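> Top to bottom, those sequences are chains A and B. For the record, in the first sequence the residue sitting at position 167 is 167 according to the UniProt record's numbering, with numbers rising by one throughout. For the record, in the second sequence the residue sitting at position 318 is 318 according to the UniProt record's numbering, with numbers rising by one throughout. All C-beta atoms, glycine included, are put in the ideal place defined by N, C-alpha and C. Since the model is a prediction, treat every value here as computed from it, not as a measurement.
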Amino acid sequence: MQKPSIRTYTKSKLIISYGAVLLLLCFAVSLGISVGSIPIPLFHVIQILGATIFHYPVPDNIDTSMVNIVMAIRFPRVVLAMLVGCALALSGTAFQGLLKNPLADPYTLGVSSGSALGAVIVLFFGIQLPFLGSFTLPVFSIIMGFLTLIGVIYFSRLVQRNLSVETIILAGVLCSSFLGAVTSLLIALTGDELRQIIGWLLGSVSMRGWAYVELIAPFLFAGLLILLASARELNALSFGQQDARTIGVDVKKHTSLVLFGASLLTGSAVAVSGTIGFVGLVIPHMARMIWGVDHRHLLPLSMILGGVFMVLVDLLARTIIAPTELPIGVLTAIIGSPIFAVIFIRYRRKKVTT
Amino acid sequence: MINVQQLSGGYDGKKVVDDLSFSVEKGKITGIIGPNGSGKTTLMKMINGMLPFQSGEVLIKGKPISSYSAKELARMIAVLPQHAESSFDFTVREAVALGRYPFYKGLLKHSTPRDDEVVQNSMEFTGVEEFADKSIQLLSGGERQRVLLAKALAQEPKILLLDEPTNHLDLAYQMKLMDLLKDWVEGCQLTVVAILHDLNIASLYCDQVLLLDKGKMKAIGKPGDIMDSRMLQSVYKTNLSRQEHPQKAKPLIALVPRHQDERKDLSEIVLEATPETMIFRSPFSLKTMSSAVIGGGYQWANTFVNRHVDKNYNVNDAQKEFEDYLSSLSINPNDTVGMMTAARLQDAGMVSVDEKGVKLLVASTVGTGNAVDAGRSWERKDQPMPIGTINIWIFMEGRLSDEAFVQAMMTATEAKAGALRDYGIKDPVTGTPATGTSTDSVCIASTQNGKEMRYAGTITPAGKAIGKAVYQTVGIAIKNYRKRMLQP
């Protein structure tokens, strides 16, 4: 029998973890709203948010234009950044666990490119599917992302039966380049609005407004639930499919569920913010280092951490060379690529020594 | 427990396993052996439901395996894979807890205190509890294997399937793992089916062995019946030789390398003689069976020492003293057969025989001071035994079977007794003809190449040669002794 003290210790450790990361999120969000071309004091930010959420009048010392800036521009932007970060970190964690692959993330797997192509198709052909309305864009993105994922995995299987880390990444790169080229071709053919679409492709959460928050939120919620329902299976699958099967995991069902959930998250994120790479790679690693590998807690914790990270990166993107705004995807790639390299080297070294 | 009926299956429509039928009893360890590609792993995958079969049926506890759900099956059968690696740093406890998966209920799959208890127990049983919170990636291969075993045990299975569980493990861990399994099988009435590469491990630990050859069942039965060198040779296409375990009633299989040893010729054996020692040195090793102080029993040796000691030699640990003595002569006791005698070495009789295809070299040293009639020795009172006085060394060319060694020993002893009778040596206590002396020794040393000699009884060519040479050398030695005694 496990000693009760150990149990309470791990339980309190969990409470502390969740508490700390949520606190960090609140801080990052407030900071994200507060800093900008017109700085708004942190205290005012909290007052405005509190007043709006709990429906009491904004104190007189705060300008209504300030309230406008916060509620119409900064807050939705920060929330969108947060949700995108959450979605990407979640899907990255799921991909890495499922494919036993520390280098997997929506971007390296090519899923982002697939979703981006889907989004570009919708945007430039002005497709509007019946019954879906404004959800046409994310749904199309998700479907394209999912198809890309299936394609990448199928292709890797053709190359090598056991789905080695390097093969999957290579297949992802291959798919990425191909889909990227198709996207570029589409853009070149249509000609106009080039700058805007390129900016979008590089990833941005600016000037999106609440509509986009509403677009991604339901998918994030659904994706989280789907993945959480397969958390124990993800633990088992990290030891390989065969091994998972021997302990009674319905591998087919849960693999499909996880792949679907992760595509849902990636597709909706790409639909609202373009391709933002490496968040899904870096954040799960950090989370795993801090909290261990148990997906039941790794998934939500790494999701929140992803939100924090994205809010801060967005903050950096719009302040570092203000008034010009850096595309957020550029910044995450600058931060993420070296980390990718380090993870790759460490992974190979470990593999050679064991 | 497991019933396999006319089972066939494989990959991509090809038959790897063909028409197998056997059953596995509860509480027994069954080993599956066979060369690479004989279908062992395929069979295993079909038994644990991983691979659908083309025809036939696998019954687990009397019900077809397909009637179990994945979780039901996991509560019945656990699998210990050859190696399972995660790219992530799971702790040992987390990894072992995965074995509880089939017991979790509900959408969120909550664990109960009972789950924690089982995890704890299986970690304690396999001895991985001490590093419960360490990452499995920091463990050695043997430790990791035990973690996987703990995980399998956490499933509380009725059946455990193992695919080469001792692969990658050093000798001590192999034994530990198998001992652990045996304890577990005996303690909890569980059933184990294991693919084993090491025939000796299979022989030592299995209650039942299934021999597969090209997907078909060659034989099934007790290790003693399956470990038949001719059957194994035909399946493995390798030279094998069956031996018996020195302490357990189990056969052991020895590999025999194909490449032939260099020619071994008795004429290359050199004798160095001093008044204190007779040393036969051979450039090659000979298989020996002897009653010698050093290297007694079966042994391979290339140095043979007959040492003269004083009549009153009396040491508590004669073997230790002899080993030290050999080391002082720069002789390695591990390659040596060594005897002691109080007889004078210069009286030794030596004869070499080469007739009817039998080549022999025999040397004997004889002192008749303590002559005994073995048939009447029970009439003697118990008294301290003076050391051996008739030592017989027989070197021969040929490949002797174990029974030939024993028969050579008998023939030599009987020939010695004949010689003593003919030279009128009497047991001083009973006055009857002596058959030997109080502590005689014989060493049969054979080159183990060339002509096969299955028997060496008294009327076989080998036996006749041995009898003749022993009779002659003992006679020569007695005559030399008497001659020396008559000299002034």
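Can you name the residues of chain B whose CB is closer than 9 Å to the CB of residue 361 of chain A?
Nothing can be reported for residue 361 of chain A, as the shown portion of chain A is limited to 1 through 354.
> B/Tyr11 touches chain A at which residues, Cβ-Cβ below 9 Å?
As a working note, residue 11 of chain B is residue 11 in the second sequence. The contacting residues do not exist; B/Tyr11 stays about 11 Å from chain A at best.
> Hey, which unbroken runs of the alpha helix (DSSP H) at 4 residues or more fall wholly within the stretch 5-62 of chain A?
The stretch 5-62 of chain A contains these whole alpha helix (DSSP H) runs: 42-53.
> Identify the contact partners of A/Val293 in chain B, using a Cβ-Cβ distance below 7 Å as the criterion.
Working through the first sequence from its first residue, we reach residue 293 of chain A at position 293. Ordered by position in chain B, the residues that pass the 7 Å Cβ test against A/Val293 are Phe88, Asp89, Phe90, Glu94.
> For B/Leu232, collect the residues of the same chain with a Cβ closer than 6 Å to its Cβ; drop the 5 residues on either side in sequence, then sort them by chain order.
Within the second sequence, numbered from 1, the residue matching residue 232 of chain B stands at position 232. Around B/Leu232: Leu240.
> Taking the straight line between their C-alpha atoms, what separation do you get for B/Ile279 and B/Phe304?
Along the second sequence, one-based indexing puts residue 279 of chain B at 279. Along the second sequence, one-based indexing puts residue 304 of chain B at 304. The alpha-carbon atoms of B/Ile279 and B/Phe304 are separated by roughly 6 Å.
> If B/Thr430 and B/Arg376 are in contact, beta carbons under 8 Å, what's the gap, nearest whole angstrom?
Locating residue 430 of chain B in the second sequence gives position 430, counting from the first residue. Locating residue 376 of chain B in the second sequence gives position 376, counting from the first residue. About 4 Å separates the two Cβ atoms, so the contact holds.
> Should B/Met1 be flagged as near chain A, meaning a C-beta pair shorter than 8 Å?
The residue given as residue 1 of chain B occupies position 1 in the second sequence. B/Met1 does not count as touching chain A.
> Could you tell me if B/Gln407 is buried or exposed, where buried requires 16 or more neighbouring beta carbons within 10 angstroms of its beta carbon?
Position 407 of the second sequence, counted from the start, is the residue given in the question as residue 407 of chain B. So B/Gln407 ends up on the buried side.
> Looking at B/Ala363 and B/Ala348, is the spacing between their C-beta atoms short of 8 Å?
The sequence position of residue 348 of chain B within the second sequence is 348, counting from 1. The sequence position of residue 363 of chain B within the second sequence is 363, counting from 1. Contact: yes.
> Please name the residues in the stretch 227-239 of chain A whose beta-carbon is closer than 9 Å to at least one beta-carbon of chain B, in chain order.
Listed by position along the chain: Leu228, Ala229, Ala231, Arg232, Glu233, Asn235, Ala236, Ser238, Phe239.
> Smallest Cα separation from A/Leu264: which of A/Thr64, A/Leu147, A/Phe43, A/Ser34?
Within the first sequence, numbered from 1, the residue matching residue 264 of chain A stands at position 264. Of A/Thr64, A/Leu147, A/Phe43, A/Ser34, the residue nearest in Cα terms is A/Leu147.
> For B/Ala150 versus B/Arg100, is the C-beta spacing smaller than 8 Å?
If you number the second sequence from 1, residue 150 of chain B lands on position 150. If you number the second sequence from 1, residue 100 of chain B lands on position 100. Taking 8 Å as the Cβ cut-off, B/Ala150 and B/Arg100 do not qualify as a contacting pair.
> Please list, in chain order, all residues of the same chain as A/Met71 whose beta carbon is under 8 Å from its beta carbon, the five residues on each side excluded.
Indexing the first sequence from 1 puts residue 71 of chain A at position 71. Correct list, in chain order: Ile48, Thr52.
> Just the C-alpha distance for A/Val35 and A/Leu315, rounded to the nearest angstrom, thanks.
Taking the first sequence and counting its residues from 1, the one referred to as residue 35 of chain A is at position 35. Taking the first sequence and counting its residues from 1, the one referred to as residue 315 of chain A is at position 315. Computed Cα separation, rounded: 7 Å.
> If contacts are defined as beta-carbon pairs under 8 Å, then A/Gly277 and A/Gly223 qualify, I think. What distance do you get, rounded to the angstrom?
Within the first sequence, numbered from 1, the residue matching residue 277 of chain A stands at position 277. Within the first sequence, numbered from 1, the residue matching residue 223 of chain A stands at position 223. 19 Å between Cβ atoms; not a contact.
> Rank A/Val21, A/Pro39, A/Ala28, A/Ile16 by C-alpha distance to the C-alpha of A/Ala322 and give the top, closest one.
For the purposes of this step, residue 322 of chain A is identified with residue 322 of the first sequence, where counting begins at 1. When only C-alpha atoms are compared, the closest one is A/Pro39.
> Any beta-carbon of chain A closer than 8 Å to the one on B/Gln233?
By one-based count along the second sequence, residue 233 of chain B stands at place 233. Not closer than 8 Å to any Cβ of chain A, the Cβ of B/Gln233 fails to qualify, so no.
> Please work out which residues of its chain come closer than 6 Å, Cβ to Cβ, to B/Leu43, disregarding the five sequence neighbours upstream and downstream, and give them in chain order.
Along the second sequence, read from residue 1 onward, the residue named residue 43 of chain B stands at position 43. Answer for B/Leu43: Val17, listed in chain order.
> Nearest-angstrom Cα distance between A/Lys350 and A/His285?
As a first step, residue 350 of chain A is located in the first sequence; it is residue number 350 there, counting from the start. As a first step, residue 285 of chain A is located in the first sequence; it is residue number 285 there, counting from the start. So the two alpha carbons sit approximately 16 Å from each other.
> Give the secondary structure of B/Asp12 by DSSP, where H, G and I count as helix, E and B as strand, and everything else as coil.
Residue mapping note: residue 12 of chain B aligns to position 12 of the second sequence, counting from 1. Coil.
> Which term fits B/Asp422, buried or exposed, when burial requires 16 or more other beta carbons within 10 angstroms of its beta carbon?
Your numbering for residue 422 of chain B matches position 422 in the second sequence. B/Asp422 is exposed by the Cβ-count criterion.
> Can you give the Cα-Cα distance for B/Ile425 and B/Glu403, rounded to whole angstroms?
Counting from 1 along the second sequence, the entry for residue 425 of chain B is found at position 425. Counting from 1 along the second sequence, the entry for residue 403 of chain B is found at position 403. Distance between the alpha carbons of B/Ile425 and B/Glu403: 30 Å.
> By how many angstroms is the C-alpha of B/Leu59 removed from the C-alpha of A/Arg346?
Residue mapping note: residue 346 of chain A aligns to position 346 of the first sequence, counting from 1. Residue mapping note: residue 59 of chain B aligns to position 59 of the second sequence, counting from 1. Computed Cα separation, rounded: 47 Å.
> Using a Cβ-Cβ cutoff of 7 Å, what residues of the stretch 15-41 of chain B are near chain A? List them in chain order.
Under the 7 Å Cβ criterion, the stretch 15-41 of chain B contributes no residue.
> Could you tell me which chain B residues have their CB closer than 9 Å to the CB of A/Val282, listed as they occur along the chain?
Start at 1 with the first residue of the first sequence, and residue 282 of chain A comes out as number 282. Within 9 Å Cβ-Cβ: nothing; A/Val282 doesn't reach chain B, min ~16 Å.
> Who pairs with B/Phe22 in a beta bridge, going by DSSP?
Against the second sequence, residue 22 of chain B aligns to sequence position 22. Answer by DSSP bridge pairing, in chain order: B/Val4.
> Let me confirm a value: B/Trp184 is counted as buried when at least 16 other C-beta atoms fall within 10 Å, else exposed. Which label applies?
Start at 1 with the first residue of the second sequence, and residue 184 of chain B comes out as number 184. With 16 or more other Cβ atoms within 10 Å, it is buried.
> Using 8 Å as the limit for Cβ to Cβ distance, is A/Gly329 near chain B?
Numbered from its first residue, the first sequence carries residue 329 of chain A at position 329. No, no contact with chain B.
> So, is the C-beta of A/Asp105 closer than 8 Å to a C-beta in chain B?
Indexing the first sequence from 1 puts residue 105 of chain A at position 105. Judged by the 8 Å Cβ criterion, A/Asp105 is not in contact with chain B.
> Does the CB of A/Gln242 have a neighbour CB from chain B at under 8 Å?
Position 242 of the first sequence, counting from 1, holds the residue named residue 242 of chain A. Yes, A/Gln242 counts as interfacial toward chain B.
> Kindly provide the ranges of any beta strand (DSSP E) runs that are 3 or more residues long and lie completely inside the stretch 209-288 of chain B, ordered along the chain.
Counting whole runs of 3 or more residues, the stretch 209-288 of chain B contains the beta strand (DSSP E) stretches 216-221, 240-244, 251-255, 270-273.
> On the DSSP bridge list, what partners appear for residue 512 of chain B?
In the structure displayed, chain B extends from 1 to 488; residue 512 of chain B sits before or after that span and is not available.
> Counting contacts by CB-CB distance shorter than 8 Å, is B/Lys158 in contact with chain A?
Position 158 of the second sequence holds residue 158 of chain B. Answer no: the Cβ-Cβ gap between B/Lys158 and chain A never drops below 8 Å.
> Quick one: list the residues of chain B neighbouring A/Ile247, beta-carbon separation under 7 Å, in chain order.
Here residue 247 of chain A is taken as the residue at index 247 of the first sequence, counted from 1. Per Cβ cutoff of 7 Å: Ala74, Leu98, Gly99, Tyr101, Pro102, Gln155.
> Residues of chain A with a CB under 9 Å from the CB of B/Pro257: which are they?
For the purposes of this step, residue 257 of chain B is taken as residue 257 along the second sequence, with counting starting at 1. Those within 9 Å of B/Pro257 in chain A number zero; the least Cβ separation is about 33 Å.
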